[in-house]
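> The working numbering puts the sequence shown at residues 1 to 52.
Cβ coordinates follow ideal geometry from the N, Cα and C atoms, glycine included.
Have a look at this one before I ask anything.
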Amino acid sequence: MQDFVQTVLNWFIHDWELFGLHGQNWMLAFGGGLVLYIAMLIGARRRRSHLH
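If you want it as structure tokens, here you go:
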């Protein structure tokens with residue numbers, strides 16, 4: 001289990017480059033999670049408005 005945690009942590013701090021932009025994987029994971037959260041909020045709000 002400790003190896004798995006270490007592997008995940010190493011993946012989060014791994015660097016990437018895309019179109020000249022540099023970053024780390026945790027930035028992608030955080031941004032993706034935020035996009036999913038906002039999409040779920042919008043979906044829940046639309047579903048709630050159709051019930052009334």
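By the three-class DSSP mapping on this structure, what secondary structure does G20 have?
By one-based count along the sequence shown, residue 20 stands at place 20. Coil at G20, not helix or strand.
> Thinking C-beta only, is F4 closer than 7 Å to N25?
Sequence index remark: in the sequence shown, residue 25 carries index 25 (1-based). Sequence index remark: in the sequence shown, residue 4 carries index 4 (1-based). Not in contact: N25 and F4 (Cβ atoms no closer than 7 Å).
> Determine the direct distance from the alpha carbon of V35 to that of G43, and round the result to whole angstroms.
In the sequence shown, counting from the first residue as 1, residue 43 sits at position 43. In the sequence shown, counting from the first residue as 1, residue 35 sits at position 35. Taking the straight line from one Cα to the other gives about 12 Å.
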